[in-house]
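Working notes for the structure below.
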Amino acid sequence: MFKIICKKELAQEITQITVEVPLVAKKAKAGQFVVIIIDERGERIPLTLADWDKDKGTINLIFQQVGFTTEKLGRLNPGDYIEHILGPLGHPTEVKKIGTVICIGGGVGIAEVYPVSRAFKEAGNRVIGIIGSRSKELLILEDKMRETCDELFITTDDGSYSRKGFVTDALKDLFDVVEKSTHTKYPDLVYCIGPVPMMKAVSELTKNYGIKTIVSLNPIMVDATGMCGSCRCTVGGKTVFGCVDGPDFDAHQVDFEELEKRLKLFKNQEDKIKGQS
Ligand SMILES: Cc1cc2nc3c(=O)[nH]c(=O)nc-3n(C[C@H](O)[C@H](O)[C@H](O)COP(=O)(O)OP(=O)(O)OC[C@H]3O[C@@H](n4cnc5c(N)ncnc54)[C@H](O)[C@@H]3O)c2cc1C
Ligand code: FES
Numbered sequence: 012m013f014k015i016i017c018k019k020e021l022a023q024e025i026t027q028i029t030v031e032v033p034l035v036a037k038k039a040k041a042g043q044f045v046v047i048i049i050d051e052r053g054e055r056i057p058l059t060l061a062d063w064d065k066d067k068g069t070i071n072l073i074f075q076q077v078g079f080t081t082e083k084l085g086r087l088n089p090g091d092y093i094e095h096i097l098g099p100l101g102h103p104t105e106v107k108k109i110g111t112v113i114c115i116g117g118g119v120g121i122a123e124v125y126p127v128s129r130a131f132k133e134a135g136n137r138v139i140g141i142i143g144s145r146s147k148e149l150l151i152l153e154d155k156m157r158e159t160c161d162e163l164f165i166t167t168d169d170g171s172y173s174r175k176g177f178v179t180d181a182l183k184d185l186f187d188v189v190e191k192s193t194h195t196k197y198p199d200l201v202y203c204i205g206p207v208p209m210m211k212a213v214s215e216l217t218k219n220y221g222i223k224t225i226v227s228l229n230p231i232m233v234d235a236t237g238m239c240g241s242c243r244c245t246v247g248g249k250t251v252f253g254c255v256d257g258p259d260f261d262a263h264q265v266d267f268e269e270l271e272k273r274l275k276l277f278k279n280q281e282d283k284i285k286g287q288s
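Counting from 12, one number per residue, gives the positions in the sequence shown under the numbering used here.
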């Protein structure tokens with residue numbers, strides 16, 4: 012049993028909880044995730060380690076309330092317990108000093124890109140952040156990303172804050188600047204986490220420029236130990252398991268259409284039980 016010690020509403024239906032899980036906090040690395048089971052009747056859902064404090068033995072999880080389990084999680088309060096937390100899972104993001112890294116997060120994916128941006132910065136890279144949301148009210152962690160990144164660009168789909176458009180528009184602006192300039196160069200790496208259409212669009216753009224791009228995939232995961240096969244994806248024509256082979260993969264090799272289809276596999280069942288938690 013793991014105690015929730017703090018809860019914060021970051022935006023409409025996006026919540027951060029701080030949970031006491033000393034063993035996970037001790038080993039956590041950027042890019043990893045946990046699987047939680049709320050109570051004895053609960054299902055397993057994966058959530059990224061958004062932050063951790065080794066000394067206090069706590070981890071932060073940031074989740075969007077999209078269905079049965081995340082809605083139920085959103086109703087827990089400080090003092091309540093989560094029955095099981097398994098982790099840290101997945102390979103940590105490969106972080107090296109390589110030069111300039113553009114870290115892109117969309118929606119709740121901003122929570123997931125934040126620790127990765129911090130790790131690239133701590134490794135001595137120049138980090139440019141691009142974060143995007145549907146509107147100003149849904150934008151999270153702007154302050155933390157500003158503290159971490161050398162430069163930060165923000166987009167909103169509806170133009171209610173900063174640049175109107177998608178993260179790919181801000182990325183293209185940066186590429187256009189490089190194209191016209193004699194003293195700036197293209198980034199050495201682009202790292203991206205967000206909804207599948209966003210990761211796909213970023214990947215298509217960077218492929219045209221030959222820029223290495225890593226995406227953190229979010230297939231449906233059940234056991235998260237490589238045994239059930241529910242998280243299988245196709246990368247470079249080969250079947251991989253998101254949970255044990257990823258979640259990070261070379262974006263230019265990912266079959267995003269298949270991933271999108273597989274994420275909708277249980278849509279009818281999910282819609283049926285939404286709101287019943
Ligand atoms: C490695 C990884 C890290 C993730 N990190 C975060 C995070 O930090 N914050 C966050 O808000 N979300 C994260 N997700 C997505 C999160 O797991 C789903 O939103 C959650 O499982 C939805 O469950 P639900 O019962 O509330 O909704 P449901 O109505 O059951 O599902 C809504 C949608 O969520 C996805 N989903 C459902 N079940 C799973 C599952 N077992 N595994 C993966 N996706 C599922 C499907 O696309 C589905 O259509 C992550 C997913 C993965 C694979
Ligand atoms: S979640 Fe079961 S194999 Fe990856």
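We treat Cβ as the ideally placed atom computed from N, Cα and C, and that holds for glycine. All values derive from a computational prediction rather than experimental measurement.
Close beta carbons around residue i, own chain, < 7 Å, minus the five adjacent residues each side
i	result
residue 194	none
residue 138	112, 114, 128, 131, 132, 159, 160 and 161
residue 250	243
residue 24	75 and 76
residue 43	60, 98, 99, 100, 101 and 103
residue 109	136, 199 and 200
For residue j and residue i, believed in contact at Cβ under 8 Å, the rounded distance
i	j	result
residue 228	residue 257	5 Å
residue 106	residue 41	7 Å
residue 163	residue 140	4 Å
residue 246	residue 233	About 20 Å separates the two Cβ atoms, so there is no contact after all.
residue 84	residue 49	6 Å
Separation of residue j from residue i, as counted between CA atoms
i	j	result
residue 145	residue 190	29 Å
residue 284	residue 77	11 Å
residue 27	residue 15	10 Å
residue 92	residue 54	15 Å
residue 179	residue 206	13 Å
residue 237	residue 74	23 Å
residue 96	residue 89	16 Å
residue 64	residue 156	18 Å
residue 281	residue 118	21 Å
Burial state of residue i, where buried means 16 or more other Cβ atoms lie within 10 Å
i	result
residue 17	exposed
residue 188	exposed
residue 98	buried
residue 134	exposed
residue 71	buried
residue 136	buried
residue 230	buried
residue 58	buried
residue 198	buried
residue 94	exposed
residue 209	buried
residue 12	exposed
residue 248	exposed
Close beta carbons around residue i, own chain, < 6 Å, minus the five adjacent residues each side
i	result
residue 225	202 and 259
residue 149	22
Cutoff 8 Å; reference residue i; Cβ partners in own chain excluding five residues on either side
i	result
residue 214	203, 224, 226, 262, 263, 265 and 267
residue 269	244 and 245
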